[in-house]
Amino acid sequence: MKEGRMFRLAILSVLILTWGVPAWAGAKVRVMSIDNCANQLILVLADRDQIVSLAKGGDVSTLPAIKALAEGLPRNDRTAEEIIRARPDLLFYGTWTGSTAMTVKRLGIRAIRLEPPRDVAQAQRQIIEVATLLGQEERGRALAARVARGQDEAVARQSGTRLQGLVYRSGGYAYGADTLVDSIMDSAGIDNVAARLGQKLAGTIDMETVLMAAPQVLLDDQLRDRADPRIATDFLAHPALRRGLPDVARIQFPMAFWLCGGAATPIAIDALSALADAHRATLEGKQ
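Numbering (the UniProt record's numbering), first residue to last: 1 to 287.
Now the structure itself:
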């Protein structure tokens, strides 16, 4: 129930954040995205009439309130032909669309690659950089300040022992050091077990290693698993995990909170910090 309340608060917070920032009155840059994470930044930083089109897909990695902002906007299939026809002033692309971007760059279209931020500070810098390119500096500074404020507040609220936690997804997939979710966990007072085990970026950690590491909290992407059921999803319900970690808390923390950065980052910090505080209080009450 607490997780559900936090998720609803997250949705409301994104809407308040988006509505509360005034639009910049300067010249409009026409922008197009062929990357899911770029979609999210554009939606909260650009004016609607700046957006030529957004990349299709990415619903499972987008908070509902941000996804709602895309309603009625054109979508593209990430092809060079579409970009050439649209002739945007600016194209944002990501890791998996580099070849398309290189093609249109040769035709004089300005294309900017967005790298996944590896910590909260990088997420803030990326917000400001994208906002500046869009001619929305004020909006970018406001969002970056919201991220910084949320992180400061979460750190100030921390009390007692830090929790030992792990983002453990279907198939034994985990996120270690040099990832945005690791930085968000740190802000919320949770030490990342995957990073302690030497994991950098994303990769798999076998169940035996997890059992030996004995995390107090498992953060899993339950919302996506229900929407996209796979055999690997049953890994998280394995009897060995239940028997070997009988007291572990499983906290729903969908990738929409932490995969891309942007407007989701302060919401992720607030939500995870509150959930961690509640679990820490529960543990202290049992002592």
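Quick reminder that beta carbons are idealized off the backbone N, C-alpha and C, glycines included.
With 16 or more other Cβ atoms from the protein chains shown falling within 10 Å of its own Cβ, Ser187 counts as buried. Gln124 and Met185 have their C-alpha atoms roughly 16 Å apart. The Cβ neighbour count for Arg78, taken over all protein chains shown within 10 Å, is at least 16; the residue is labelled buried. The C-beta of Arg85 has fewer than 16 other C-beta atoms within 10 Å across all chains shown, which makes the residue exposed. If the five residues before and after Ser183 are omitted, its C-beta is found closer than 6 Å to the C-beta atoms of Asp119, Val120, all from its own chain and listed in chain order. Under the DSSP assignment, Ser187 falls in the alpha helix (DSSP H) whose first and last residues are 180 to 187.
DSSP places Arg85 inside the alpha helix (DSSP H), whose first and last residues are 80 to 86. Within the model, the alpha-carbon separation for Thr161 versus Ala111 is close to 46 Å. With contacts defined by Cβ atoms closer than 9 Å, Ala194 and Val167 form a contacting pair.
A direct Cα-to-Cα measurement between Thr103 and Ala80 gives close to 7 Å.
Here DSSP, grouped into helix, strand and coil, assigns Thr161 to coil. Between the segment 58 to 69 and the segment 84 to 101, the count of Cβ pairs shorter than 8 Å is below three; the stretches do not touch. Separation of the CB atoms of Leu275 and Ile251 is rounded to 5 Å, and the pair is thereby assigned contact status at 8 Å. Scanning its chain for C-beta atoms nearer than 8 Å, with the 5 sequence neighbours on each side dropped, one finds around Lys56 the residues Arg75, Asn76, Asp77, Arg78, in chain order.
Per DSSP, the unbroken beta strand (DSSP E) holding Thr204 starts and ends at 202 to 204.
Distance from the CA atom of Lys67 to the CA atom of Ser159, rounded to whole angstroms, is 35 Å.
Rounded to whole angstroms, the Cβ separation of Gln126 and Ile269 is 16 Å, and the two are not in contact under 8 Å. Two segments are said to touch when three or more pairs of C-beta atoms, one from each, lie closer than 8 Å; by this definition the segment 237 to 251 does not touch the segment 132 to 139. Counting along the chain, the unbroken beta strand (DSSP E) around Val52 starts and ends at 51 to 55.
Between Gly172 and Asp206, the CB-CB gap stays under 9 Å.
Counting other Cβ atoms within 10 Å of its Cβ, Asp35 reaches 16 or more and is therefore classed as buried. Between Gly262 and Gln50, the beta carbon gap of about 16 Å keeps them out of contact (Cβ cut-off 8 Å).
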